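Single-structure report; data block below.
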Amino acid sequence: MVSHDAHAHAAPQGFIRKWVFSLDHKVIGLQYFFLALAAVLTGMFLSLLMRIHLVWPNASLPFFGEIKPETYLSLLTMHGTIMVFFVLTTAPQGGFGNYFLPIQIGAPDMAFPVLNMLSFWTTFLGFLVLIAAFFVTGGAPLHGWTGYAPLSALPSAGPGEGLGADLWIISIAIFCIGALMGALNFITTTLDMRAKGMTLMRMPLTCWAWFITAILGLLAFGVLLSAGILLLMDRNLGTSFFVPLGTVNGVLTGHKGGSPLLWQHLFWFFGHPEVYIAILPAMGLCSQLLSVFSRKPIFGYKAMVYAILSIGFLGFMVWGHHMFMSGMSPYSAFAFSIMTMGIGVPSAIKTFNWLGTLWRGKIRFSSPMLFAIGFVSLFVVGGISGPFLAQPVLDIYLHETYFVIAHFHLIMGVASIFGIFAATYYWFPKMFGRMMNEPLAKAHFWLTFIGAYAIFMPMHYYGMAAGLRRYSQGTEVAWINALAPVQKFISIAAFVTIASQLIFVINLFWSMKKGEKAADNPWEATTLEWITATPPPHDNFGGVTPVVHNGPYEYSVPGTSKDFVMQTDAAVEAKH
Amino acid sequence: MGLALLVVIWLITLIGSYFIIAKTWWLPVGASAAAAGIDHHFTTTYILMGTVFIAAQLALGWFAWKYRDRGAGSKAAEYSHGNTKLEVVWTILTIILFVGLNLASKSIWASERFDAAKPGAVQVEVTGMQFAWYFRYAGPDGKFGATKPELEDASLGGAGALGLDTVDPASKDDVITGVMVVPVNREVEVILRSHDVIHSFFVPAMRFKQDAVPGLAIHMHFTPIQTGEFELACAELCGLGHYKMHGIVKVVSDEEFSQWLAAREAEKQ
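Protein sequence lines correspond, in order, to chains C and X. One rule links them: number in our numbering = place in the first sequence (from 1) + 1253. One rule links them: number in our numbering = place in the second sequence (from 1) + 108.
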């Protein structure tokens, strides 16, 4: 154990040290949270433009004019990049993980507060560089968030592939550096800073999720960073890692000997674990919430921990399932597909255990719980479409269709976002000392839940009918043109769902100022963030170091007066 | 609130499943030898995964309503940390389901991708470039002439676009077209190439898709079993004209195919 005193630092007084270059993990967590909020609003706005363009390609929009096919591709590239990196990676881990991991394990701060500050400001810089790509000559890149070479490696391959593409790569490289620093901090903090009695198997599942996510990040972002640097060299220094002999428009590119598939291997070696980086924290949180609001211990705590571990482990062995049609060996494809079906097993275990937690519970339908139940429902749909795509025989047909879009948006996008919403409604009282408005929260849930299904369910059908993704217009290909009514329905559903997110934004800012004052433990939950003041003091526990005696999910213990036993209460573990 | 969840989740499940069962939007009728097997495996997967989907959603909605908090004084939640026996059972069942499903499709994948095209298959070289497809037949000599990147000039179309080296004697009888014509009931060996960026050759009716990667010549095969015109389209983001990079596979009788090819040869003379 590292001495806690070594990390204790006095509460800063000035505005700059307190709110801008803060070393306090709670402030840094909030900074990540608001960065992700700005990013998600940007990303959502881009998707709004895309949905308008898909249905009314010739519409002239105020400020934007007519959206051209290449602009559409820039929008989808930036939408994907912003959402994956600056929302799905930033909010659950950087935001809530930063704020609550140290508190939930009883630590006064992260292990390396300065590194923590640096990792936030690095990430912030990455975001600025990415947004800058919109404003340079040629605009943002059009190569998609996966940036497949040679399209991403050759400035002559299309508009946006000039300076815009360079900025895109630099932004991702900067993001990787920030994420690596963050990962080191999370791992060290979890291993070294736990309070007395907080054994690994007494950690809340949220902490397990953040811990394993950090390990995934440490192993994955390094590879993406390397790949990004190689791509930058191909573009600017005349190397040929990813570009073979070839021409664009009859003009020799000047490259030879590179392998386009090498980029895909490196990218997906990062890209697949990234899916779990996005979803694991949401899984951990929803496990937590299902237990809290069912007033029941989590079903199969150990199985849940082992499931997280095996998802993390197997997550590194399945990247080839993105490449079944790439020209990779069909034997590799089959091996990757077996591993991919294998990773479905721990995911299925988690679903069973979530249902098992609800079973014979006493469910309270507060807004965090609604989002947690919504998460399970969405996770099931996204999980069920996985085994279709994981089988190469079916992927021959489904690859690059909207079926894929439906699958990963539901599981990695919407389910993870439901985790973020649940986390916001659940922890807002602790972070801001006030409750969020519950009727608004419930309205937000119903509109978003039904809206998400209305958007993404039809995308499965569109994909089953071979509707292709990344098509700025469906008018050219007859069978895609025939699917236009489906696109129209999806766009209308998207407009309503996007508009209803305003309810969340209004609720968030209104409640910060005007929300009802929150009690220290409004949800009657057991983990350590609920034993401390609201909001927590600078050192989290006001000079006291908590001592832990119980597991994180002791609800409805027979023979106790309340229906929950705090982790710091006298031990009840002998009773079961 | 529990009842509302039950109703909404069940309704979503019902509506979502309806369009799958009714096949309102579905795969086009299969026109290749492999289509029947692939479609059969689709159905198997739909039945198994659909059952899991419906069961999980029904249970979720049902539990939300059944185990709602019925107010102070009602029965407390059950104090249970799980059931190891149950966990082992559903873990094993899931492994059997997922891995078994995949193994069941192995023979189709093997015949599609492990095995090379049989001798005597009709060879067609398919080349993708921003934003067009070209199809090349080797001609009577059975050999494709050499192509050179430095000779490529898309504005010339045909042989010029492919950078065909006219010095090479094998190139003399090569036929290059913008429409892919193939005979019915004979295996077609496709040799996929690309000049610039990655494209993907996708013919939904043939249940056929394969990326065309610059620097590689990828050999694949399929057997059309129905005559007619089938649309193909690019399925890998290749730039601003990606959405209009499409074409036609025309499947004709063996006889018509020979006549067509001979006529193209004659045109060259």
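Cβ atoms here follow ideal geometry from the backbone N, Cα and C, with glycine treated the same way. For clarity, every value in this text was computed on a predicted model and none was experimentally measured.
Of all residues in the segment 1580-1609 of chain C, the ones placed with a Cβ closer than 8 Å to any Cβ belonging to chain X are Gly1580, Pro1583, Tyr1584, Ala1586, Phe1587, Ser1590, Ile1591, Met1594, Gly1595, Gly1597, Val1598, Ala1601, Ile1602, Thr1604, Phe1605, Asn1606, Leu1608 and Gly1609, in chain order. Relative to the Cα of histidine 1518 (chain C), the nearest Cα in the group C:Ala1676, C:Leu1647, C:Ile1564 and C:Met1576 belongs to C:Met1576. When beta bridges are read from the DSSP output, lysine 1770 (chain C) appears opposite C:Arg1687. Close partners of phenylalanine 316 (chain X) in chain C (Cβ separation under 9 Å): Ile1649 and Tyr1650.
Cβ proximity to chain X below 8 Å picks out nothing from the segment 1446-1459 of chain C. Per DSSP, tyrosine 1401 (chain C) has no beta-bridge partner at all. Considering only beta carbons, the part of the segment 222-253 of chain X lying closer than 9 Å to chain C consists of Phe222, Met237 and Gln238, in chain order. Scanning C:Val1825, C:Ser1809 and C:Pro1640 for the CA closest to the CA of alanine 184 (chain X) turns up C:Ser1809.
Residues of chain C whose Cβ lies closer than 8 Å to the Cβ of isoleucine 203 (chain X) are, in chain order, Gly1595 and Val1598. Spatial neighbours of methionine 1370 (chain C) in its own chain (CB-CB distance under 7 Å, excluding positions within 5 residues in sequence) are listed in chain order as Phe1274, Ser1275, Leu1276 and Ile1281.
An exposed status is given to tryptophan 1272 (chain C), since fewer than 16 other beta-carbon atoms sit within 10 Å of its beta-carbon.
In terms of CA proximity to glutamate 1527 (chain C), C:Pro1345 leads the group C:Pro1345, C:Ser1590 and C:Ile1482. Cysteine 1460 (chain C) and glycine 1672 (chain C) have their C-alpha atoms roughly 14 Å apart. Pairwise C-beta distances place the segment 1798-1816 of chain C out of contact with the segment 113-131 of chain X, as fewer than three of them are shorter than 8 Å. Under the three-state reduction of DSSP, serine 1582 (chain C) is assigned to coil, being neither helix nor strand. Per DSSP, the continuous alpha helix (DSSP H) segment holding proline 1322 (chain C) begins and ends at 1322-1334.
By the Cβ-count criterion, lysine 1603 (chain C) is buried, with 16 or more other Cβ atoms from all chains shown falling within 10 Å of its own Cβ.
Contact check for serine 1547 (chain C) and leucine 1608 (chain C): beta-carbon distance about 11 Å, past the 8 Å limit, so the pair fails to qualify.
Around the Cβ of glutamate 1653 (chain C), a 10 Å sphere holds 16 or more other Cβ atoms; the residue is buried. Contact between proline 1599 (chain C) and serine 1540 (chain C) does not hold, since the beta-carbon distance rounds to 13 Å and is not under 8 Å. Positions of the beta strand (DSSP E) runs, each at least 3 residues long and wholly inside the segment 1603-1662 of chain C, cannot be given because no such run exists.
Contact between tryptophan 1516 (chain C) and tyrosine 1401 (chain C) is confirmed by a C-beta separation of about 7 Å, below the 8 Å threshold. Unbroken alpha helix (DSSP H) stretches of 4 residues or longer found wholly inside the segment 1531-1607 of chain C: 1554-1567, given in chain order. The secondary-structure analysis by DSSP pairs methionine 1665 (chain C) with nothing; it has no beta-bridge partner. Residue-level contact by beta carbon fails for leucine 369 (chain X) and chain C, as no gap is shorter than 9 Å. Distance from the Cα of arginine 294 (chain X) is smallest, within the candidate group X:Gln334, X:Ala112, X:Thr151 and X:Asn191, for X:Gln334. Look at proline 1789 (chain C) here: in three-state DSSP terms it is coil, with no helix or strand label. For tyrosine 242 (chain X), the enclosing beta strand (DSSP E) starts and ends at 240-245. Interface annotation, proline 1403 (chain C): in contact with chain X, CB-CB separation under 9 Å.
When the five nearest sequence neighbours on each side are left out, the beta carbons in the same chain lying within less than 7 Å of the beta carbon of aspartate 1822 (chain C) are those of His1802 and Asn1803, in order along the chain. Shown here for isoleucine 216 (chain X): same chain residues with a beta carbon closer than 8 Å to its own, the five before and five after excluded, namely Ala142, Gly145, Ile146 and His149 in chain order. Taking C-alpha positions only, valine 234 (chain X) is separated from alanine 1731 (chain C) by approximately 21 Å.
Secondary structure at cysteine 346 (chain X): coil, using DSSP grouped into helix, strand and coil. The alpha-carbon separation between threonine 1787 (chain C) and alanine 1772 (chain C) amounts to approximately 7 Å. When the five nearest sequence neighbours on each side are left out, no beta carbon in the same chain lies closer than 6 Å to the beta carbon of phenylalanine 1566 (chain C). The Cβ atoms of leucine 300 (chain X) and alanine 325 (chain X) lie closer than 9 Å to each other.
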